[in-house]
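Asker: full-length UniProt numbering applies: residue 1 is where the sequence shown begins, and numbers increase by one. Ideal placement from N, C-alpha and C gives every residue a C-beta, glycine not left out. Since the model is a prediction, treat every value here as computed from it, not as a measurement. The structure is given below, and queries will be raised subsequently.
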Amino acid sequence: MAGKKCTAKRKYEDEHRTFLTEWESLYFFVKRNGKPFCLICQTSLAHFKASNLQHHFSSLHANIDQEFPKGTELRKHELATLKSQAEKQIQFFQKFTKRSETITLASYQLAWNIARAKKPYNEGEFVKKCLSDVVEILSPENNKLKRMVSDVQLSHHTVEHRISYINTAIESQLHSDLQACEYFSVALDESCDIQDKPQLAIFARSVSNDCVIKEELLDIVPLKDRTRGIETMMAAFEKANLPITKLTAIATDGAPAMMGSVNGLVGLCKADQTIPDFWNFHCIIHMEQLVSKSLNLDNVMKPVMEIVNYIRTHALNHRQFKNLIAELDQGLPGDLPLHCTVRWLAKGQVLSRFFELLDAVKLFMEEKDKDYPELSDLK
């Protein structure tokens, strides 16, 4: 028994069909968006096949050949009219689409500004009222601009949805950048919020193949019960689909959960075989604080702290000192910072501002009959 020959079916893409200009006058079809488009009933067909166009024309628009005979000027005029109407329709929809896109973009921009300013969602309605009042005053005859401002959607729910979409887009872009980077490092800071609940902030710094460095907040995760920092960090990596093989460094703060060489985050990461070798850095602020206590700076810091506390901790003295600075009008800083004993960096800020306001401080202390010879002897 002879075997049957298998003939390969020819695909439509292999035929390389194109639109023929003669179909315009024959069947009142034009090419639109890569498909044949009927000017009479505004229907699109799937393929450039003469048989399909002819069947559509003869079954739905057979009366056209009687009303507008082929080859006549009347048929040419009708074809030109239908093409003109179709073109105007396209322009109208393009204009409407552009206007709609512009209004939507304005809504997103205002929602973005509201989010960055940490304002409530219903602030959008207030902003819209302000915009309407401004347009009414500056250009009362511009009705087009008034309608566009009126059409900007800034309701409570709209602003909420806009901000949520922006957040998702930014998060997706951040994850894409980290996934495509050459290497990345992370910094972890464990702290407590205003309700005394522990949370772990994870920052990521990445470098691309063209040496573009980006640093962003990757995630803030609350720590529950006995959840360890390494578990939280790995969960954040998995959520962002980050390649752990590109991790090069981990920086931590002074929290006990981070410092331990065995049970701390760095120690657990080094013991994990799935994590490659990395550099680890620890917050040096606490080390600087210890170093500052061993330095012999009491002869400088003691009188400075006494003067600063005398000015800042008494409301009357503070007001009088600020008024004195304003009266001098020498472009001086507006106030002295209040010293914080937790961090060594605060001492540098206090000393720098104190030196800038030294003349005003000396004058103020003389008025208060407070004798500090150190203010005159800078050595």
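(1) Identify every run of the alpha helix (DSSP H) within the segment 197–256, keeping only runs that are complete inside it and at least 4 residues long; order them along the chain.
(2) Between the alpha carbons of N309 and D369, how many angstroms are there, rounded?
(3) Return the first residue and the last residue of the beta strand (DSSP E) that V135 is part of.
(4) Alpha carbon to alpha carbon, what distance is there between L79 and G71?
(5) Which term fits E101, buried or exposed, when burial requires 16 or more other beta carbons within 10 angstroms of its beta carbon?
(6) In or out: K129 buried (at least 16 other Cβ within 10 Å) or exposed?
(7) If we require 3 or more residues per run, which beta strand (DSSP E) segments fall completely within the segment 13–87?
(8) Exposed or buried, V342, counting other C-beta atoms within 10 Å across all chains shown (16 or more means buried)?
(9) Which residues share a DSSP beta bridge with S191?
(10) Which residues bound the alpha helix (DSSP H) around N323?
(11) Ends of the beta strand (DSSP E) at residue 382?
(12) Report the rounded CA-to-CA distance for L375 versus A315, giving the unit in angstroms.
(13) In whole angstroms, give me the CA-to-CA distance for P140 and R99.
(14) Going by other Cβ atoms of all chains shown within 10 Å of its Cβ, with 16 needed for buried, is G34 buried or exposed?
(15) Please classify L131: is it buried, with 16 or more other beta-carbons within 10 angstroms of its beta-carbon, or exposed?
(16) Quick one: does F57 have its CB under 7 angstroms from some CB of chain C?
(17) Just to check my reading of the structure: C269 and I230 have Cβ atoms closer than 8 angstroms, yes? What is that Cβ distance to the nearest angstrom?
(18) For a quick check, are the C-beta atoms of L242 and L178 less than 7 angstroms apart?
(19) Can you list, in chain order, the residues of its chain whose CB lies under 7 angstroms from that of A360, leaving out five sequence neighbours each side?
(20) Quick one: grab the DSSP three-state call for Y372.
(21) From L159 to Q109, what distance separates their C-alpha atoms?
(22) Using the Cα positions of Q42 and D151, report the straight-line distance between them to the nearest angstrom.
(23) Helix, strand or coil for S155? Go by DSSP, reduced to three states.
(24) Based on DSSP bridge pairs, tell me the residues matched to Y183.
(25) I think L45 touches L53, with their Cβ atoms under 8 angstroms apart; what is that distance to the nearest whole Å?
(26) Assuming L358 is part of the alpha helix (DSSP H), what are its boundary residues?
(27) Is the Cβ-Cβ distance between F28 and P36 less than 7 angstroms?
(28) Quick one: is E73 buried, meaning 16 or more other Cβ sit within 10 Å of its Cβ, or exposed?
(29) In its own chain, which residues sit with a C-beta less than 7 angstroms from the C-beta of A240, not counting the 5 before and 5 after it?
Answerer: Answer, in terms of the structure:
(1) 229–240
(2) What you label residue 309 is simply residue 309 of the sequence shown in a count that begins at 1. What you label residue 369 is simply residue 369 of the sequence shown in a count that begins at 1. Approximately 16 angstroms, taken between the alpha carbons.
(3) The residue you call residue 135 lines up with position 135 of the sequence shown. Where V135 is concerned, there is no enclosing beta strand (DSSP E), although the alpha helix (DSSP H) it sits in stretches over E123 to L138.
(4) Position 71 of the sequence shown, counted from the first residue, corresponds to residue 71. Position 79 of the sequence shown, counted from the first residue, corresponds to residue 79. Cα-Cα distance, rounded: 11 angstroms.
(5) Taking the first residue of the sequence shown as position 1, residue 101 is located at position 101. Exposed.
(6) Locating residue 129 in the sequence shown gives position 129, counting from the first residue. K129 is exposed by the Cβ-count criterion.
(7) 29–32 and 35–38
(8) Residue 342 sits at position 342 when you count from the first residue of the sequence shown. In this prediction, V342 scores a pLDDT of 42, lower than 50, which makes its location untrustworthy; the coordinate-derived value is nonetheless stated afterwards. Exposed is the call here.
(9) Locating residue 191 in the sequence shown gives position 191, counting from the first residue. Its beta-bridge partners are Q199.
(10) As a position in the sequence shown, residue 323 is number 323, starting the count at 1. That run of the alpha helix (DSSP H) goes A315 to L328.
(11) Nothing can be reported for residue 382: it is not among the residues displayed for the chain, which extend from 1 to 379.
(12) Stepping through the sequence shown from its first residue, residue 375 is reached at position 375. Stepping through the sequence shown from its first residue, residue 315 is reached at position 315. C-alpha separation (whole angstroms): 23 angstroms.
(13) Walking along the sequence shown from the start, residue 140 turns up at place 140. Walking along the sequence shown from the start, residue 99 turns up at place 99. Near 20 angstroms, if we compare the C-alpha coordinates of R99 and P140.
(14) Here residue 34 refers to the residue found at position 34 of the sequence shown. Exposed, by the Cβ-count rule.
(15) On the sequence shown, position 131 is the one that residue 131 refers to. So L131 counts as buried.
(16) Given the protein chain composition of this structure (a single chain), no chain C is represented.
(17) As a first step, residue 269 is located in the sequence shown; it is residue number 269 there, counting from the start. As a first step, residue 230 is located in the sequence shown; it is residue number 230 there, counting from the start. The pair is a contact, with the Cβ atoms about 6 angstroms apart (cut-off 8 angstroms).
(18) Within the sequence shown, the letter at position 242 stands for residue 242. Within the sequence shown, the letter at position 178 stands for residue 178. Cβ atoms of L242 and L178: closer than 7 angstroms.
(19) Walking along the sequence shown from the start, residue 360 turns up at place 360. Excluding sequence neighbours, A360 sits near L324, I325, L328 and L332.
(20) For the purposes of this step, residue 372 is identified with residue 372 of the sequence shown, where counting begins at 1. The answer is coil: DSSP assigns Y372 none of H, G, I, E or B.
(21) The residue labelled residue 159 in the question sits at position 159 within the sequence shown. The residue labelled residue 109 in the question sits at position 109 within the sequence shown. For clarity, residue 159 is Val in the given sequence; the question names Leu instead. Their backbone Cα atoms lie some 10 angstroms apart in a straight line.
(22) Numbered from its first residue, the sequence shown carries residue 42 at position 42. Numbered from its first residue, the sequence shown carries residue 151 at position 151. Rounded to whole angstroms, Q42 to D151 spans 30 angstroms at the Cα level.
(23) Here residue 155 refers to the residue found at position 155 of the sequence shown. If DSSP states are grouped into helix, strand and coil, S155 belongs with coil.
(24) For the purposes of this step, residue 183 is taken as the residue at position 183 of the sequence shown. DSSP lists V207 as partners of Y183.
(25) Here residue 45 refers to the residue found at position 45 of the sequence shown. Here residue 53 refers to the residue found at position 53 of the sequence shown. Their Cβ separation, rounded to whole angstroms, is 7 angstroms, which keeps L45 and L53 in contact under 8 angstroms.
(26) Sequence index remark: in the sequence shown, residue 358 carries index 358 (1-based). It spans L358 to E367 - the alpha helix (DSSP H) in which L358 sits, taken as one unbroken run.
(27) Mapped onto the sequence shown, residue 28 falls at position 28. Mapped onto the sequence shown, residue 36 falls at position 36. Not closer than 7 angstroms, so no.
(28) Numbered from its first residue, the sequence shown carries residue 73 at position 73. Its Cβ having fewer than 16 others within 10 Å, E73 is exposed.
(29) Along the sequence shown, one-based indexing puts residue 240 at 240. So the list reads H175, L178 and L218, once near-sequence residues are dropped.
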